[in-house]
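Numbering (my numbering), first residue to last: 408 to 604.
Okay, structure first, notes after.
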DNA sequence: ACATCGATCTACT
DNA sequence: GTAGATCGATGTA
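Written as structure tokens, this is what we have:
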């Protein structure tokens, strides 16, 4: 099976979480669903750190958040609001409970699967929210703990680079604590964001 | 055992 | 812009 680009190196994930949240912009999530390739570019992320009142790890380890304490480079999936899954990239060395939430992706390949998984929505809304993108990609609880290093589940560098001027930041969305920390990052002007800016 | 509330989404006004 | 859905994880007792 031919690779589309280079997989992110294991130490990509071991830097501080805010750095990784920015570095993930422009990287591509590649899933293989039987015969179909699903490919999408990360355009919006949020960092969740230790000692961060908005993070699931703020009060220490629990059954839900244990994946956040694993070595960086694996996937943390959780269920919320009785309906939605959210997908994170775990960061830092084992024992550090931090991760990056994927908030929006730009579709590149697999449009038919995305449309089938999210019937009736316009193409512009297929992947533009943390619960929407997991629905379109078919991410469920079973993906919790998967490493992004398998042929059917990868994070790739396809050379889509952005300068720091092209990256915007803002407070994180939908949280009730630590509302002022500017730990949401996005590609300025992308039509695929969950919000205009 | 129970009460609270959430890293959201959709539909409706 | 706002309301309601929906249910599992968590904290408290």
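Note that the Cβ used here is the ideal one computed from N, Cα and C, for glycine as well.
Beta-carbon proximity list for residue i, same chain, < 7 Å, skipping 5 on both sides
i: residue 573; result: 594 and 595
First through last residue of the alpha helix (DSSP H) which encompasses residue i
i: residue 561; result: Residue 561 -> not in any alpha helix (DSSP H); beta strand (DSSP E) instead, spanning 560-564.
i: residue 428; result: 424-430
i: residue 583; result: Here residue 583 belongs to no alpha helix (DSSP H), and DSSP marks it neither H nor E.
i: residue 469; result: Premise fails: residue 469 is in no alpha helix (DSSP H) and is neither H nor E.
i: residue 543; result: 537-544
Which of helix, strand or coil DSSP assigns to residue i
i: residue 575; result: strand
i: residue 569; result: coil
i: residue 463; result: coil
i: residue 445; result: strand
i: residue 593; result: strand
i: residue 419; result: helix
Start-to-end residues for the beta strand (DSSP E) that takes in residue i
i: residue 507; result: 506-516
i: residue 483; result: 482-487
i: residue 547; result: No beta strand (DSSP E) holds residue 547; DSSP gives it neither H nor E.
i: residue 496; result: 491-497
i: residue 435; result: 435-440
Pair within 8 Å by beta-carbon distance, residue i and residue j
i: residue 590; j: residue 505; result: no
i: residue 414; j: residue 533; result: no
i: residue 597; j: residue 513; result: yes
i: residue 524; j: residue 538; result: no
i: residue 578; j: residue 584; result: no
6 Å CB neighbourhood of residue i in its chain, flanking five on each side removed
i: residue 536; result: 601
Contact belief for residue i with residue j at Cβ below 8 Å, rounded distance in angstroms
i: residue 485; j: residue 471; result: 6 Å
i: residue 420; j: residue 498; result: 5 Å
i: residue 443; j: residue 528; result: About 19 Å; that fails the 8 Å criterion.
Residues of its chain near residue i, where Cβ-Cβ distance is below 8 Å and the 5 sequence neighbours each way are ignored
i: residue 567; result: 433, 434, 435 and 448
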